Amino acid sequence: MSYDPTGPYRPEPSYQPWQQPAEPQYGTPNPGPGYPPPPPPAYPTSGGGYPAPGYPQPGYAPAPPPPPKKGNTGLIITLVAVILVVLCGGGIAVTAILVNKNNKPAADRTTGAPGPTTNGPTGTGSTKDAGGLSSSGTIAFGADHGVEWNDKVSASVLAVVRFTPSKSAAGTHAGQVGIKVTVKITNNSSKQVDLTLARVKVKSGSNGTQADTIIDLENNLGLGFEGSVATAHSATANYAFSVPSGDLSKIDIEVSPDFDYDPGIFEGSVS
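Numbers in my numbering are just positions in the sequence shown, counted from 1, shifted up by 9.
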């Protein structure tokens, strides 16, 4: 059976029957040749945000390129030269320092026992044998009394007197008084003697109370001997100490020109 309409409902000769459309194909669409879109050619003028990396900041010139790295050849050569100077010249420098120390000029000194007034050979004049005492026992105060060591260096305690320390003096104590000790060292040895490390110590009273040193610059009382004394010359220095007022009748004083010398001991009372 076929359908053949007639009459007013007959279709036009060009009419095509309706057909079901095909199902769409899903998947990744193929973007055109212009995808993705190219970046904008210039800094955006609206919309906010920051410029892309590498784009110069507004108002600032682009940073200059970093300078080329310099080689380390010059630094290495300098370090090698310094090491060679230290290795080769270190001994010379140490020798020069020692020679300069041993040849430092003597301070103003007074002439001692008769003998040549020219300086003798440079040296300390204080070996252990030379620093031994040629006599024993305690020595009285005064210029006529003294102690002598084996190398012919001698010392005397010229005077021990009471004095009043100034207000700026250091080393004073309440209930104690100040005493000033004058010491003379004579160098009759064959060598120059360095008195920088000369020692003068005081004990007082029957108990031998150790006295503290007073530094009183207003009264010209400092650390005592300084510098060296030439052969056949003498040096004199003043020291100050703080002792109890009841111990002035018994004062013991130890004197040594250097650490290598045995101390000579003097005993007496304060004038």
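Using N, Cα and C, we set each Cβ at its ideal position, and we do this for glycine too. Everything numeric in this text was worked out from a predicted model, so none of it was measured.
Where asparagine 197 falls: helix, strand or coil (DSSP): Along the sequence shown, one-based indexing puts residue 197 at 188. Note: asparagine 197 maps to coil in three-state DSSP.
DSSP state of aspartate 160 mapped onto helix, strand, coil: Here the question's residue 160 lines up with position 151 in the sequence shown. Three-state DSSP puts aspartate 160 in coil, outside helix and strand.
The region 192-199 / the region 223-230 touching (three or more Cβ pairs under 8 Å): no
Stretch pair the region 259-274 + the region 162-175: three plus CB contacts closer than 8 Å: Contact between the region 259-274 and the region 162-175 is present, because at least three Cβ pairs lie under 8 Å.
Distance between beta carbons of alanine 220 and valine 211, contact taken as under 8 Å: Counted from its first residue, the sequence shown places residue 211 at position 202. Counted from its first residue, the sequence shown places residue 220 at position 211. Confirmed, Cβ separation roughly 4 Å.
Close Cβ partners of alanine 178 (< 7 Å) along its chain, the five nearest in sequence each way excluded: Indexing the sequence shown from 1 puts residue 178 at position 169. The answer, listed in chain order, is Ile223, Ile224, Asp225.
DSSP state of alanine 246 mapped onto helix, strand, coil: To locate residue 246, count along the sequence shown from 1; it is residue 237. Here alanine 246 sits in strand by DSSP.
Between the CA atoms of alanine 249 and phenylalanine 234 - distance to the nearest angstrom: The count along the sequence shown starts at 1 and reaches residue 234 at position 225. The count along the sequence shown starts at 1 and reaches residue 249 at position 240. One C-alpha to the other measures close to 13 Å.
Option in Asp160, Val169, Ser215 with minimal Cα separation from alanine 152: Taking the sequence shown and counting its residues from 1, the one referred to as residue 152 is at position 143. The alpha carbon of alanine 152 has as its nearest neighbour, out of Asp160, Val169, Ser215, the alpha carbon of Val169.
Reduced DSSP secondary structure (H/G/I, E/B, other) of glutamate 227: Within the sequence shown, the letter at position 218 stands for residue 227. Helix at glutamate 227.
Any non-hydrogen atom of the ligand NAD within 7 Å of serine 144 CB: This structure lacks the ligand NAD; in fact it carries no ligand of any kind.
Buried or exposed by the 16-neighbour rule on C-beta atoms within 10 Å, applied to histidine 182: The sequence position of residue 182 within the sequence shown is 173, counting from 1. So histidine 182 counts as exposed.
Chain-order list of residues whose beta-carbon lies under 6 Å from that of proline 272 (same chain, five-residue window excluded): Counted from its first residue, the sequence shown places residue 272 at position 263. Within the same chain, proline 272 has close Cβ partners Glu263, Ser265.
Euclidean distance between Cα positions of isoleucine 148 and valine 202: As a position in the sequence shown, residue 148 is number 139, starting the count at 1. As a position in the sequence shown, residue 202 is number 193, starting the count at 1. Roughly 23 Å between the two C-alpha positions.
Buried/exposed call for isoleucine 260, threshold 16 Cβ in 10 Å: The count along the sequence shown starts at 1 and reaches residue 260 at position 251. Residue environment for isoleucine 260: buried (at least 16 other C-beta atoms within 10 angstroms of its C-beta).
Span separating the alpha-carbon of phenylalanine 150 from that of arginine 171: Against the sequence shown, residue 150 aligns to sequence position 141. Against the sequence shown, residue 171 aligns to sequence position 162. Taking the straight line from one Cα to the other gives about 15 Å.
Cα-Cα separation between phenylalanine 275 and lysine 200, rounded to whole angstroms: Position 266 of the sequence shown, counting from 1, holds the residue named residue 275. Position 191 of the sequence shown, counting from 1, holds the residue named residue 200. Cα to Cα, the separation comes out at about 25 Å.
C-alpha gap between serine 251 and isoleucine 92, whole angstroms: On the sequence shown, position 242 is the one that residue 251 refers to. On the sequence shown, position 83 is the one that residue 92 refers to. Answer to the nearest angstrom: the Cα atoms are 54 Å apart.
Residue(s) in a DSSP beta bridge with leucine 256: As a working note, residue 256 is residue 247 in the sequence shown. The sequence shown places aspartate at residue 256, not leucine. Paired residues: none, contrary to the question.
Where the beta strand (DSSP E) through glycine 273 begins and ends: Along the sequence shown, read from residue 1 onward, the residue named residue 273 stands at position 264. Looking at the DSSP string, the run of the beta strand (DSSP E) that includes glycine 273 is 273-277.
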